[in-house]
Amino acid sequence: MARLKTIYRCQECAYNAPKPLGQCPGCEAWNSMVEEVVEVRSAALSGLARMKGDASSGSVALMDAIKAPACEKRAATGLAELDRLMGGGLVGGQVVLLAGPPGIGKSTLMLQAAARLASGGSKGLYVSGEESLKQVSSRALRLGVKTDSLFLLSETDLSKVLAALDQLKPDFFVLDSMQTIYHPELASAPGSVAQVRECAAELLRWSKNRDASAFLLGHVTKDGTLAGPKVLEHMVDTVLYFDTERHDLLRVLRAQKNRFGPTDEIGLFSMGEKGLQEVGDASSFFIADREDSRQPGRALSVALEGSRPMLIEVQALVVSTRYPLPRRMATGLDLNRVLVLLAAMEKHLRLRLEDRDVFASLAGGVRLKDPALDLACCLAVLSSAKDQALPADWVMIGEVGLLGQIGRVPHLETRLKEAAKAGFKKALVASRAAREMTRGIGLDLLGAADLQQAAERLFKDIG
Ligand code: TYD
Ligand code: MG
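This is the structure we're talking about:
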């Protein structure tokens, strides 16, 4: 057994000291010394001998000679939204960090996923440092999940968690949460950077050695300032962020980093009586009531979030300004992008906006950066400025360039099919896309080469 000792290392310049210091003697930074546990090497080993010893322990291999399974086996969690996010399921030895603000539903999601994994034949251990065994099992009861093959442990001491892991040898484990667990060798409080990092390193090592998957749960505050999970991001294979959209109605899971799958997917859930329910039909969440959709200032489009198309309503409000400088605000859309679009409209549609405030937003509280929303954004602004509603059964999909031209967007067919499914009849797209599109998507396609044509097409009946 290697001997361990505690040192204090500067986060800025890596200077280390045996005692905690307020100011780093190396770079003179304040409060940068963080506690760390290191192995003490035998003093008898000379520098060269140590280097030789180290070198022999690492083995160099030809890439082709390494036998990787042709198709990596993945264990599906049974929660389709979570599986899609992880590229089809868990890979053996994969370490996933699930981070989110307190109360978002991390424990609930993990309990549901763990129960499903366990009932699929994997041996699982759920370690809770926040709740007692009774609390966890009563939550499981409330969720109605089968937990007869899932093991529970209520513990905050890392050495005891590792001992339990060694004894049980599970195929996967959940650690809820990284802020409550502590390394007994460290003096700093649970949740501090040093504690979170050292505990994660130990758990990671265990998981990689045994090829067992791990879910580490971490809290972040609303602005993501808590240091713990940020340190963890570099260490784990996959980082999932759980957050709310649309004022708590919807919980969105996003993959921020993923060594074994895509990062542009999102998973949608809603929290109900029986825990988290998967939301398959995202579109209905993001459109304000379709009934009164004939109001000036709204335009519908189909955005792509990962590979998932969703109907989005862009709303705009154009009013006379009372300020010397007109105001521009964007919610859910990128403000700089909106400013560029407004400038393009002023120039190419001769729309006068210098004495008008413009507010643009996406209904449903989502944040998107899909350029395919450009056209809908422009037309929503135009509709509000003219005080004329756009036809309710149209979707508008296209990127708008600086010269006012409408460009094609990726995955147009997927988007159009989604719109057809939701009952839309017509789509306004780039004229080249309209020409190239094959028939049979269930929508009438109208092409427009630039903003001028798009405005003419949509407003021709209404003047
Ligand atoms: P929880 O999973 O404990 O959040 P976290 O682990 O991220 O802190 O979920 C907490 C919230 O979810 C809590 O406010 C209660 C709510 N909830 C429900 O609405 N329905 C349920 O079935 C469960 C289990 C929780
Ligand atoms: Mg919790």
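Heads up: the sequence shown at position 415 corresponds to 414 in numbering that gives the first Met the number 0, and the numbers run straight through without jumps.
The beta-carbon is built from N, C-alpha and C at its ideal position, and this holds for glycine as well.
For leucine 215, report the span of its alpha helix (DSSP H) as first-last. Residue 215 sits at position 216 when you count from the first residue of the sequence shown. Not the alpha helix (DSSP H): leucine 215 falls in the beta strand (DSSP E), residues 212–218.
Check whether the Cβ atoms of alanine 432 and leucine 411 sit closer than 8 Å, and answer yes or no. Walking along the sequence shown from the start, residue 432 turns up at place 433. Walking along the sequence shown from the start, residue 411 turns up at place 412. The Cβ atoms of alanine 432 and leucine 411 sit closer than 8 Å to each other.
Pair within 8 Å by beta-carbon distance, methionine 234 and alanine 199: Your numbering for residue 234 matches position 235 in the sequence shown. Your numbering for residue 199 matches position 200 in the sequence shown. Going by C-beta atoms, methionine 234 is nearer than 8 Å to alanine 199.
Should serine 187 go down as buried or exposed, given a rule of 16 or more other Cβ atoms within 10 Å for buried? As a working note, residue 187 is residue 188 in the sequence shown. Serine 187 is buried by the Cβ-count criterion.
Assigned secondary structure, leucine 47 (DSSP; H/G/I helix, E/B strand, else coil): Here the question's residue 47 lines up with position 48 in the sequence shown. Because leucine 47 sits at a pLDDT of 43, beneath the cut-off of 50, its placement in the model cannot be relied upon, and the following sentence gives the value as read from the coordinates. Helix.
Would you identify the three-state DSSP class for serine 191, choosing helix, strand or coil? Mapped onto the sequence shown, residue 191 falls at position 192. In the structure shown, serine 191 sits in coil (DSSP, three-state: anything other than H, G, I, E or B).
Buried versus exposed call for serine 158 [16 or more other C-beta atoms within 10 Å across all chains shown]: In the sequence shown, counting from the first residue as 1, residue 158 sits at position 159. Burial call: exposed.
Rounded to whole angstroms, what's the CA-CA distance from isoleucine 396 to alanine 375? Just pull it up for me. Here residue 396 corresponds to residue number 397 of the sequence shown, with the count starting at 1. Here residue 375 corresponds to residue number 376 of the sequence shown, with the count starting at 1. Whole-angstrom Cα-Cα distance: 7 Å.
If the criterion is Cβ atoms closer than 8 Å, does the pair serine 360 and glutamine 314 meet it? Residue numbering aside, residue 360 sits at position 361 when the sequence shown is read from its first letter. Residue numbering aside, residue 314 sits at position 315 when the sequence shown is read from its first letter. Yes; because the gap between Cβ atoms is below 8 Å, this pair is in contact.
Apart from the five residues on each side of it in sequence, which residues of its chain come closer than 8 Å, Cβ to Cβ, to leucine 340? Working through the sequence shown from its first residue, we reach residue 340 at position 341. Asp373, Cys376, Cys377, Val380 and Val399, listed in sequence order.
Going along the chain, which residues of its own chain have a beta-carbon closer than 6 Å to the beta-carbon of leucine 215, five neighbours each way excluded? Residue mapping note: residue 215 aligns to position 216 of the sequence shown, counting from 1. Leu96, Leu174 and Met177, listed in sequence order.
Apply the 10 Å Cβ neighbour rule to asparagine 257 and answer buried if 16 or more other Cβ atoms are within range, or exposed otherwise. In the sequence shown, the residue the question calls residue 257 occupies position 258. The residue in question, asparagine 257, is buried, as its Cβ has 16 or more Cβ neighbours within 10 Å.
Enclosing beta strand (DSSP E) for methionine 470 [first to last residue]: This structure does not reach residue 470, given that the chain is present from 0 up to 462, and the question cannot be answered.
For the beta strand (DSSP E) that contains methionine 395, what are its first and last residues? Numbered from its first residue, the sequence shown carries residue 395 at position 396. Boundaries of the beta strand (DSSP E) around methionine 395: 393–395.
Would you tell me roughly how many angstroms separate the C-alpha atoms of arginine 196 and glycine 21, rounded to the nearest one? Counting from 1 along the sequence shown, the entry for residue 196 is found at position 197. Counting from 1 along the sequence shown, the entry for residue 21 is found at position 22. Taking the straight line from one Cα to the other gives about 20 Å.
Does the ligand TYD have even one heavy atom less than 7 Å from the beta-carbon of serine 131? Counted from its first residue, the sequence shown places residue 131 at position 132. Not so, every heavy atom of the ligand TYD lies at least 7 Å from the Cβ.
Glutamine 10 and valine 33 closer than 8 Å at C-beta: Taking the first residue of the sequence shown as position 1, residue 10 is located at position 11. Taking the first residue of the sequence shown as position 1, residue 33 is located at position 34. Closer than 8 Å, so yes.
Using a Cβ-Cβ cutoff of less than 8 Å, which residues in the same chain neighbour proline 19 once the five nearest sequence positions on both sides are dropped? Working through the sequence shown from its first residue, we reach residue 19 at position 20. For proline 19, where only same-chain residues beyond five positions count, the Cβ hits under 8 Å are Tyr7, Met32 and Glu34.
State the beta-bridge partners of valine 33 as determined by DSSP. As a working mapping, residue 33 is identified with position 34 in the sequence shown. Answer is Arg8, bridged to valine 33.
List the whole-angstrom C-beta distance separating glycine 104 from methionine 270, where the pair is believed to meet the contact cut-off of C-beta under 8 Å. For the purposes of this step, residue 104 is taken as the residue at position 105 of the sequence shown. For the purposes of this step, residue 270 is taken as the residue at position 271 of the sequence shown. Between glycine 104 and methionine 270, the beta carbon gap of about 6 Å places them in contact (Cβ cut-off 8 Å).
Three-state secondary structure assigned by DSSP to methionine 85: The residue you call residue 85 lines up with position 86 of the sequence shown. Reduced to three states, the DSSP call for methionine 85 is coil.
Beta bridge counterpart(s) of alanine 254 as assigned by DSSP: As a first step, residue 254 must be located in the sequence shown, where it is residue number 255. Leu239, per the DSSP bridge assignment.
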